[in-house]
Amino acid sequence: MKNIIILLFVFFSLTCNKNDMIVSVVDIDGLYKSIKKNNKSSFILINIWSTYCLPCIEEIPYVVNLENRYDRKLLDVIFLSTDWDENSDDVNKFLINNNVYGQHYRKIEGNDQEFINKICSDWTGALPFTGIYDKNLKLISYWEGKKEERFFINKIDSLVKIKEKGV
Amino acid sequence: MNRALYIIILFLCTLLSARELEIGEKIPGIDLLMKSIDGNDLTLKKLKKDNGLLVIFSCNTCPWVIRWQDRYNPLSELCQKNEIGFVAINSNARLHDSVDSFDEMIYHAAVNDYKFPYTLDKNSKLAKLFGAMKTPHVYLFNKNDILVYRGAIDDNAKDANKVNKKYLEDAIISSSKAEKIKVETTKALGCSIKF
Numbered sequence: 035m036k037n038i039i040i041l042l043f044v045f046f047s048l049t050c051n052k053n054d055m056i057v058s059v060v061d062i063d064g065l066y067k068s069i070k071k072n073n074k075s076s077f078i079l080i081n082i083w084s085t086y087c088l089p090c091i092e093e094i095p096y097v098v099n100l101e102n103r104y105d106r107k108l109l110d111v112i113f114l115s116t117d118w119d120e121n122s123d124d125v126n127k128f129l130i131n132n133n134v135y136g137q138h139y140r141k142i143e144g145n146d147q148e149f150i151n152k153i154c155s156d157w158t159g160a161l162p163f164t165g166i167y168d169k170n171l172k173l174i175s176y177w178e179g180k181k182e183e184r185f186f187i188n189k190i191d192s193l194v195k196i197k198e199k200g201v
Numbered sequence: 118m119n120r121a122l123y124i125i126i127l128f129l130c131t132l133l134s135a136r137e138l139e140i141g142e143k144i145p146g147i148d149l150l151m152k153s154i155d156g157n158d159l160t161l162k163k164l165k166k167d168n169g170l171l172v173i174f175s176c177n178t179c180p181w182v183i184r185w186q187d188r189y190n191p192l193s194e195l196c197q198k199n200e201i202g203f204v205a206i207n208s209n210a211r212l213h214d215s216v217d218s219f220d221e222m223i224y225h226a227a228v229n230d231y232k233f234p235y236t237l238d239k240n241s242k243l244a245k246l247f248g249a250m251k252t253p254h255v256y257l258f259n260k261n262d263i264l265v266y267r268g269a270i271d272d273n274a275k276d277a278n279k280v281n282k283k284y285l286e287d288a289i290i291s292s293s294k295a296e297k298i299k300v301e302t303t304k305a306l307g308c309s310i311k312f
């Protein structure tokens with residue numbers, strides 16, 4: 035029995051860290067397809083960022099905190115990097131250093147205009163951009179530029195309230 | 118009913134906060150004074166020429182600016198040739214006492230051999246009037262001060278040799294001939310302006 039417990043402990047130690055953060059390189063259609071396939075949450079928050087972008091880097095800890103604040107069944111937080119290929123290692127390192135886990139994405143280089151418009155026709159292209167989607171991936175709230183943690187929480191809580199009131 | 122109203126208010130707030138100058142609108146803040154790196158006080162009125170004015174919201178540090186700025190001088194020459202004024206404006210007010218300070222602008226312009234006016238937009242006043250959100254972002258006005266093109270310089274920030282669509286260059290040429298611009302608005306990724 036003791037050996038089984040030790041084996042289980044070793045197994046979970048090996049599987050719960052290094053394998054828990056994946057960054058897939060996708061175009062916009064691939065992104066939506068992948069999210070739809072994997073989603074188990076009522077709301078999905080996509081934060082679009084870049085390692086080049088200072089406000090994005092300042093904002094990411096707030097977004098990471100949302101993962102701890104909300105149950106995964108309620109909210110899934112996804113990071114979508116717009117870094118160029120030459121910075122792919124920086125993206126992974128930055129997310130790992132900020133304790134980001136789960137499935138995340140990096141945009142394929144090029145076709146920026148199509149990408150921006152397919153995300154949201156009102157988006158100017160300024161980073162960071164955040165969109166909150168319902169479980170069917172319908173965009174229900176969005177903003178561009180860096181916001182404080184309280185702003186994110188208020189937005190999410192107000193959407194949750196609307197949902198609870200009987201949608 | 119309350120829920121519907123709440124959602125409408127939520128969306129309106131989001132839309133209003135992102136209000137940007139539209140095609141067909143006049144140059145805003147045309148008399149607003151800006152300090153240029155050559156020491157002169159400039160306004161958009163002083164900068165415009167017979168066939169209009171090109172405004173680029175720019176800065177010293179944004180990686181997209183850094184990649185695109187090799188096209189600034191050729192574009193300013195094209196504007197000069199076509200009697201269109203040209204100005205790059207730094208509206209990063211939050212960084213005006215650090216990496217985007219006036220001294221840093223002078224240094225940045227010297228290192229990159231800027232051959233056009235580069236001005237400081239104190240408190241981001243002009244950027245706010247334009248509804249500009251990012252760098253680099255361009256606004257081309259025709260000879261009647263009307264916005265005729267807004268958006269990206271071209272479709273490839275990383276490499277000028279791999280550009281397929283020269284949006285701005287095409288717009289400058291069309292506007293100077295008083296012809297209709299085929300693509301009036303475009304988008305590209307960029308750094309948010311630090312208000």
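Protein chains in written order, with my numbering: chain A, 35 to 201; chain B, 118 to 312. For every residue, glycine included, the Cβ atom is placed at its ideal position computed from N, Cα and C. All values reported here derive from a predicted model rather than from experimental measurement.
Alpha carbon to alpha carbon, how far is residue i from residue j?
{"i": "A/TYR104", "j": "B/LEU257", "result": "45 Å"}
{"i": "B/THR252", "j": "A/LEU88", "result": "13 Å"}
{"i": "B/ASP148", "j": "A/ILE56", "result": "52 Å"}
{"i": "B/ALA226", "j": "B/ILE173", "result": "14 Å"}
{"i": "B/LEU264", "j": "B/GLU137", "result": "12 Å"}
{"i": "B/LEU243", "j": "B/GLY146", "result": "6 Å"}
{"i": "A/GLY144", "j": "A/LYS199", "result": "42 Å"}
{"i": "A/TYR96", "j": "B/THR303", "result": "31 Å"}
{"i": "A/GLU93", "j": "A/LYS180", "result": "6 Å"}
{"i": "A/SER122", "j": "A/LEU109", "result": "26 Å"}
{"i": "A/ASN132", "j": "A/ILE91", "result": "10 Å"}
{"i": "A/LYS107", "j": "A/LYS169", "result": "10 Å"}
Please tell me whether residue i has its Cβ less than 7 Å away from any Cβ of chain A.
{"i": "B/MET250", "result": "yes"}
{"i": "B/PRO234", "result": "no"}
{"i": "B/THR303", "result": "yes"}
{"i": "B/LEU306", "result": "yes"}
{"i": "B/PRO322", "result": "The question about residue 322 of chain B has no answer, for chain B in this structure spans 118 to 312."}
{"i": "B/PRO180", "result": "yes"}
Quick one: list the residues of chain C neighbouring residue i, beta-carbon separation under 8 Å, in chain order.
{"i": "B/SER309", "result": "The displayed structure is made up of protein chains A and B, and chain C is not among them."}
Give the range of the beta strand (DSSP E) segment to which residue i is assigned.
{"i": "B/HIS254", "result": "254-258"}
{"i": "B/SER291", "result": "First-last for B/SER291: 284-293, but that is the alpha helix (DSSP H), not the beta strand (DSSP E)."}
{"i": "B/ARG211", "result": "B/ARG211 -> no beta strand (DSSP E), and no H or E assigned at all."}
If distances are taken between C-alpha atoms only, which option among the options comes closest to residue i?
{"i": "B/ARG254", "options": "B/LYS152, B/LYS166, B/TYR189", "result": "Looking at the sequence provided, one finds His at residue 254 of chain B rather than Arg. If we check each option's Cα against that of B/HIS254, B/TYR189 comes out closest."}
{"i": "A/ASP61", "options": "A/PHE149, A/LEU161, A/ASP191", "result": "A/PHE149"}
{"i": "B/ASN168", "options": "B/CYS196, B/LYS143, B/LEU192", "result": "B/CYS196"}
{"i": "B/LYS163", "options": "B/SER292, B/ASP187, B/VAL204, B/ILE154", "result": "B/VAL204"}
{"i": "A/ILE11", "options": "A/VAL134, A/ILE196, A/LEU114", "result": "Outside the shown range of chain A (35 to 201) lies residue 11 of chain A, about which nothing can therefore be said."}
{"i": "A/LYS189", "options": "A/TYR135, A/LEU100, A/ARG140", "result": "A/LEU100"}
{"i": "B/LYS275", "options": "B/PHE247, B/ARG184, B/SER193, B/ALA295", "result": "B/ARG184"}
{"i": "B/LEU171", "options": "B/GLU139, B/TYR266, B/LYS152", "result": "B/TYR266"}
With 7 Å as the threshold, decide whether the Cβ of residue i is near any Cβ in chain B.
{"i": "A/PHE43", "result": "Unreliable placement is indicated for A/PHE43, whose pLDDT of 47 sits below 50; the coordinate value is still reported in the next sentence. Closer than 7 Å: no."}
{"i": "A/ASP146", "result": "yes"}
{"i": "A/ILE150", "result": "yes"}
List the endpoints of the continuous alpha helix (DSSP H) containing residue i.
{"i": "B/VAL182", "result": "180-185"}
{"i": "B/TYR231", "result": "No alpha helix (DSSP H) holds B/TYR231; DSSP gives it neither H nor E."}
{"i": "A/ASP110", "result": "Taken as a continuous stretch (DSSP letters only), A/ASP110 belongs to no alpha helix (DSSP H), being part of the beta strand (DSSP E) at 109-115."}
{"i": "A/ASP146", "result": "146-153"}
Which one or two residues does DSSP pair with residue i in a beta bridge?
{"i": "A/VAL125", "result": "Answer is none; A/VAL125 lacks a bridge partner."}
{"i": "A/GLY136", "result": "A/MET55"}
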